[in-house]
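Novice: Right, I'll just put the structure down here and ask away after.
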Amino acid sequence: MENPTSSYTPTEIEPKWQSQWQSQQLDATSEDTTKPKFYALSMFPYPSGNLHMGHVRNYTITDVIARVKQMQGFRVLHPMGWDAFGLPAENAAIDRGIHPAQWTTQNIAQMREQLKRLGLSYDWDRELATCLPDYYRWTQWLFLQFYDAGLAYRREAAVNWDPIDQTVLANEQVDAEGRSWRSGAIVEKKLLSQWFLKITAYAEELLQDLQKLKGWPDRVRVMQENWIGKSTGARVVFHTEAGQELPVFTTRPDTLWGATFMVLSPEHPLVESLTTAEQKEAVETYQAAAAAKSDIDRTAEDREKTGVWTGSYAVNPVNSAKVPIWIADYVLMGYGTGAIMAVPAHDQRDFEFARKFNLNVKVVVQPEGEQELLNGETMTEAWAGEGIMVRSGAIDGTPAGKGAGQSVAKAIEFLEANGFGEAQANYRLRDWLISRQRYWGVPIPMIHCESCGVVPVPEADLPVLLPDNVEFSGRGPSPLAKMTEWVEVDCPLCQGPARRETDTMDTFIDSSWYFFRFADARNDQAAVDPAKVNQWLPVDQYVGGIEHAILHLLYSRFFTKVLRDRGLVNCDEPFTRLLTQGMVQGMTYKNPNTNKYVPADQIADLNNPVDPNSGDRLEVFYEKMSKSKYNGVDPQTVLAKYGADTARMFILFKAPPEKDLEWDDADVEGQFRFLNRVWRLVMDYWADRPQTTTAPALNLSKSEKDLRRAIHIAIKEISEDLEGDYQLNTAVSELMKLSNAISDARKASDTMMASPIYQEGIETLVKLLAPFAPHITEELWQHLGHSESIHLQPWPESDPSALVVDEITLVIQVMGKTRGTIQVTAAADKATLEQLALESEVAQRYIAGKTIKKTIVVPGKLVNFVVV
RNA sequence: GGGGGCGUGGCGGAAUGGUAGACGCUGCGGACUUAAAAUCCGUUGACCGUUAAAGGUCGUGAGGGUUCAAGUCCCUCCGCCCCCACCA
8 MENPTSSYTP TEIEPKWQSQ WQSQQLDATS EDTTKPKFYA LSMFPYPSGN LHMGHVRNYT
68 ITDVIARVKQ MQGFRVLHPM GWDAFGLPAE NAAIDRGIHP AQWTTQNIAQ MREQLKRLGL
128 SYDWDRELAT CLPDYYRWTQ WLFLQFYDAG LAYRREAAVN WDPIDQTVLA NEQVDAEGRS
188 WRSGAIVEKK LLSQWFLKIT AYAEELLQDL QKLKGWPDRV RVMQENWIGK STGARVVFHT
248 EAGQELPVFT TRPDTLWGAT FMVLSPEHPL VESLTTAEQK EAVETYQAAA AAKSDIDRTA
308 EDREKTGVWT GSYAVNPVNS AKVPIWIADY VLMGYGTGAI MAVPAHDQRD FEFARKFNLN
368 VKVVVQPEGE QELLNGETMT EAWAGEGIMV RSGAIDGTPA GKGAGQSVAK AIEFLEANGF
428 GEAQANYRLR DWLISRQRYW GVPIPMIHCE SCGVVPVPEA DLPVLLPDNV EFSGRGPSPL
488 AKMTEWVEVD CPLCQGPARR ETDTMDTFID SSWYFFRFAD ARNDQAAVDP AKVNQWLPVD
548 QYVGGIEHAI LHLLYSRFFT KVLRDRGLVN CDEPFTRLLT QGMVQGMTYK NPNTNKYVPA
608 DQIADLNNPV DPNSGDRLEV FYEKMSKSKY NGVDPQTVLA KYGADTARMF ILFKAPPEKD
668 LEWDDADVEG QFRFLNRVWR LVMDYWADRP QTTTAPALNL SKSEKDLRRA IHIAIKEISE
728 DLEGDYQLNT AVSELMKLSN AISDARKASD TMMASPIYQE GIETLVKLLA PFAPHITEEL
788 WQHLGHSESI HLQPWPESDP SALVVDEITL VIQVMGKTRG TIQVTAAADK ATLEQLALES
848 EVAQRYIAGK TIKKTIVVPG KLVNFVVV
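Using this note's numbering, read the first sequence as starting at 8 and increasing by one per residue.
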């Protein structure tokens, strides 16, 4: 017999529905404020031009969440935009002579089409691109807000300098050996005056408020905590013999009596004045060597300590001891005061330094118990453990430790009482250097006037537009600095000759506020209307890669707090819940002898992979997809072959969202088969459905009851999987179970298809599947005789009465081991359960000849006999 | 060095302290077909056992512990992954 129903052709139905939804404005953001709001956001992409599987995974996860919330009666904001400034566009300009704006615009157009092919429920009316003046105008305006608040300032800082091309390089343009990506020259450090945002002013709040982020993965919170890096201790002021103050920060002020020398960073401003004539040459040589060292050299593991004496001494405030002042690159100018008191007996780094340069080691913490007494002359490593303070004047005899009444607290008390210092906290977090000596970014809206100094561009003059007709060579100063007619302006204050700031902003600035702009994306009067922002923010669910765990998320939190303090938004934190999805990995073939990757299509037999060139056996493993490893899978290929719904289902089912996902073609096939089964199940029902449906029976048959139960279990389980933690993989497996249950019910009974329960099953399955596979479900929904979109249907509710069972399976255990099961009526009470269990054949077999000592009855679950 | 996470069949992965391995992939056997594809049915942790069953033993990285009962809770150890790191 001919198949009465058409077959499932995703490549036809998917584009059809995509264009219908678009013309119906199905995905327009609802303005119905009687509904609760839900803001679902994926981290917006850099428009590289090609969508990769990582994007597909990210956006699919967020789309399912947005669609479910929509069906559950929320008004949902689900926007998309482009993080469109950045280096690759400028590289394209240098390499291929195409203007960054043109390159970016083309890429956006291409990626937008690819995204649309995935069936994502974006409100495209709110699309934004950070490189467009109607967006970056407000980025500039926000910068001026920071400036006005005293949170933007200028100071000198080191940049990567290419001495051949005479240009500044981004960190990404410096390779692992410290060479320029273009010229190959060894990159130098060069000081330039640059703009900073004062994120350190918010360090404590950024740290404290991590506790509010209950919907964030622990590890992201911990990473941010470590990044902020708070440590508590004291500031202690030493004096040089010449009388200059030389403050240090220490977490162990209690060991101050053991400080036998001091170390300054080579860049410390006092080094020059402290250096004696005899030491001048050695010190300057050392400083020059330190300056030339790359970051990689400076942070290399297990480096031997180096350093040089300045020739000067300082005085230890607590015991007036004369301590030599050294410089060494293990002390960093950017942390604390750039100077330390060295306590070699109790700090391993100081110990190594002291041993190398024969400096005095003085023990001030003596461990108790069986420990041998420590001796500064003979000890082989620093003692950082517990003990009793010795040779420590005022705190002698105090137990070492940070607790109340212990050495650290006592020492701080003593310092404060004598004016030697005070308790202090220090943060590892540094202010954010935002200046980039590049073209393709937001121009910093500042003007340098010879007589007025640094003057902000008046708000009325925003945006400061990027000039168009720029030349890109990759050499010399940034393209903007070469644009004389753009650079030279009148000072807004004195009208005298002035120059524009030619640096642009770090692109992380653009992405630190885009989630606000989506709430009011078309506003040309303000960055955002506070009323609109407060209606949508904070983002309820943010989804993106773990690689943004620190910088992007921390900067966004910082911006939110500053905008709150400027009265622009109400929320303290921008992202209530955060999901960091795992990466997508591809099957990788690598020759272990040559360390070269081999494309799969060059391998003759994938079951026995050998290198076509050498014949070496290849290693096979999963690794993050990348071009250089030939292990990528192009979304376009998958869409063309199976359609978006299959790709979405596969990605959702294959692994939990936060775990890495191994791409496997066989599993993709499996998902395609599942959608085909659903298609046939629904279409067969529609073709063979009885023309007169039987009235709802008062007494359901057993198979009807079982099916109804399966339906409502599926609703319950899937709804739970979609709450909070988004266990999308198990949600998909529940959909499969329901599909299987419907299929089984049909096979079990000829009359089942006429039952209203069967119809309920079919329609529920389609509705529950809709957020996951939006196209096939829309098509099937229409075939089922509905005219309104399935995506506007209410989410099914689980009926508790349907879950009730007449009989349960009772597990019989003896001594905690499962020995069998019996069927019992669900209504049975504890005593009855015990009785039935005891009488059961299994129980009798294992209890025979023994005495029951104790019986545990867990109603609805099991009976366990403890016997002797 | 500091911090966080993970370890379950051939594979991806399920399991509010209560029948470990749901769901899927793969493999194997079968039906349909001239044949293949597709589809459908059965089976798929290891070992012992039997003609076949029935049945039994073991099993969640290793070892201890708590409990009537442990993948799950506690302790020790091993292995892998990630973040930070000469941060005073």
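Note that CB positions come from ideal geometry on N, CA and C, so glycine has one too.
Need the endpoints of the beta strand (DSSP E) that Arg826 sits in, please.
Specialist: Per DSSP, Arg826 belongs to the beta strand (DSSP E) from 824-832.
Novice: Taking the alpha-carbon positions, what's the Tyr342 to Arg437 distance?
Specialist: Straight-line Cα distance between these residues: approximately 8 Å.
Novice: Apply the 10 Å Cβ neighbour rule to Arg624 and answer buried if 16 or more other Cβ atoms are within range, or exposed otherwise.
Specialist: Exposed.
Novice: Buried or exposed for Lys860, going by 16 or more other Cβ atoms inside 10 Å?
Specialist: With fewer than 16 other Cβ atoms within 10 Å, it is exposed.
Novice: Do the CB positions of Ser805 and Lys868 come within less than 7 Å of each other?
Specialist: Their beta carbons are not under 7 Å apart, which means Ser805 does not touch Lys868 by this criterion.
Novice: Would you mind reading off the limits of the beta strand (DSSP E) that contains Met590?
Specialist: Looking at the DSSP string, Met590 is not in any beta strand (DSSP E), and its letter there is neither H nor E.
Novice: Please name the residue or residues paired with Arg571 in a DSSP beta bridge.
Specialist: Paired residues: none, contrary to the question.
Novice: Would you mind stating whether Phe51 and Asp547 have Cβ atoms separated by less than 7 Å?
Specialist: No; because the gap between Cβ atoms is not below 7 Å, this pair is not in contact.
Novice: DSSP three-state call for Tyr129: helix, strand or coil?
Specialist: The answer is coil: DSSP assigns Tyr129 none of H, G, I, E or B.
Novice: Could you check whether Gln588 and Ile68 sit closer than 7 Å to each other, using their CB atoms as the reference points?
Specialist: Cβ distance < 7 Å, so Ile68 and Gln588 count as in contact.
Novice: Let me make sure I understand the geometry here. Which of Met590, Thr601, Pro537, Val591 has the alpha-carbon closest to that of Arg571?
Specialist: For Arg571, the nearest C-alpha among the options comes from Pro537.
Novice: Would you call the region 385-393 and the region 337-354 touching, i.e. three or more CB-CB distances under 8 Å?
Specialist: Flag = yes, the region 385-393 and the region 337-354 touch.
Novice: So, Arg524 versus Leu277, is the Cβ gap smaller than 7 Å?
Specialist: No, these two residues do not count as a Cβ contact at 7 Å.
Novice: Does the region 628-638 come close enough to the region 594-605 to have 3 or more Cβ pairs within less than 8 Å?
Specialist: Taking 8 Å as the limit for Cβ pairs, the verdict is that the region 594-605 does touch the region 628-638.
Novice: Are the beta-carbon atoms of Ala654 and Val645 separated by less than 7 Å?
Specialist: Result yes, Cβ atoms of Ala654 and Val645 sit closer than 7 Å.
Novice: Below 8 Å on the Cβ atoms is my guess for Ile819 versus Thr828; work out the distance and round it to an integer in Å.
Specialist: 6 Å between Cβ atoms; contact.
Novice: Hey, quick one: how far does the alpha helix (DSSP H) through Ala651 stretch, first residue to last?
Specialist: It spans 651-661 - the alpha helix (DSSP H) in which Ala651 sits, taken as one unbroken run.
Novice: So, for Leu149: in the same chain, excluding its five sequence neighbours on each side, which residues have a beta-carbon less than 7 Å away from its beta-carbon?
Specialist: For Leu149, where only same-chain residues beyond five positions count, the Cβ hits under 7 Å are Trp520, Ala534.
Novice: Within this structure, are the beta carbons of Tyr446 and Pro486 separated by less than 7 Å?
Specialist: Yes. Within cutoff.
Novice: Just checking my contact of Leu199 with Ala164 at CB under 8 Å: how many whole Å lie between their CB atoms?
Specialist: That belief holds up - the Cβ atoms of Leu199 and Ala164 are roughly 7 Å apart, short of 8 Å.
Novice: Put Ser808 into one of helix, strand or coil per three-state DSSP.
Specialist: Note: Ser808 maps to helix in three-state DSSP.
Novice: Going by C-alpha distance, which of Ala401, Asp836, Gly80, Val591 is nearest Ala424?
Specialist: The candidate whose alpha carbon is nearest that of Ala424 is Ala401.
Novice: Quick check: Pro512 and Val461, are their CB atoms within less than 7 Å of each other?
Specialist: The identity of residue 512 in the sequence shown is Met, whereas the question assumes Pro. No, the Cβ-Cβ distance between Met512 and Val461 is not below 7 Å.
Novice: Run through the DSSP bridge pairs and tell me what His246 is partnered with.
Specialist: In the DSSP output, where bridge partners are listed per residue, His246 has Glu252, Val322.
Novice: How many angstroms separate the CA atom of Val873 from the CA atom of Ala834?
Specialist: Cα to Cα, the separation comes out at about 25 Å.
Novice: Asn10 to Glu665, Cα distance in whole Å?
Specialist: Confidence at Asn10 is low in this model, with a pLDDT of 42, below 50, so the placement of that residue should be treated as unreliable; the coordinate-derived value is given next. Computed Cα separation, rounded: 42 Å.
Novice: Phe657: which of Trp24, Arg64, Ala35 sits nearest, CA to CA?
Specialist: When only C-alpha atoms are compared, the closest one is Arg64.
Novice: Three or more C-beta pairs closer than 8 Å, one from the region 767-774 and one from the region 671-678: is that the case here?
Specialist: No contact exists between the region 767-774 and the region 671-678.
Novice: Could you name each continuous beta strand (DSSP E) segment of 3 residues or more that falls completely within the region 489-532, going from the start of the chain to the end?
Specialist: List check, beta strand (DSSP E) in window: 495-497, 504-507.
Novice: So Val338 packs on Gln373, CB below 8 Å; how close in whole Å?
Specialist: The Cβ separation is near 27 Å, so there is no contact.
Novice: Rounding to the nearest angstrom, what Cα-Cα distance links Phe268 and Ile332 in this structure?
Specialist: If you take the alpha carbons of Phe268 and Ile332, they lie about 6 Å apart.
Novice: Should Asn233 go down as buried or exposed, given a rule of 16 or more other Cβ atoms within 10 Å for buried?
Specialist: Under this definition Asn233 is an exposed residue.
Novice: Between the alpha carbons of Met8 and Val605, how many angstroms are there, rounded?
Specialist: Confidence in Met8 is poor, its pLDDT being 28 and thus under 50, which makes the residue's placement unreliable; the coordinate value appears in the next sentence. Going from the Cα of Met8 to the Cα of Val605 covers about 49 Å.
Novice: Can you tell which of Gln842, Thr758, Tyr562, Val244 has the C-alpha that lies nearest to the C-alpha of Val255?
Specialist: Checking every option, the nearest Cα to that of Val255 belongs to Val244.
Novice: For a test of the three-state rule: what should DSSP assign to Lys221, helix, strand or coil?
Specialist: Coil at Lys221, not helix or strand.
Novice: Alpha carbon to alpha carbon, what distance is there between Tyr434 and Asn382?
Specialist: Whole-angstrom Cα-Cα distance: 34 Å.
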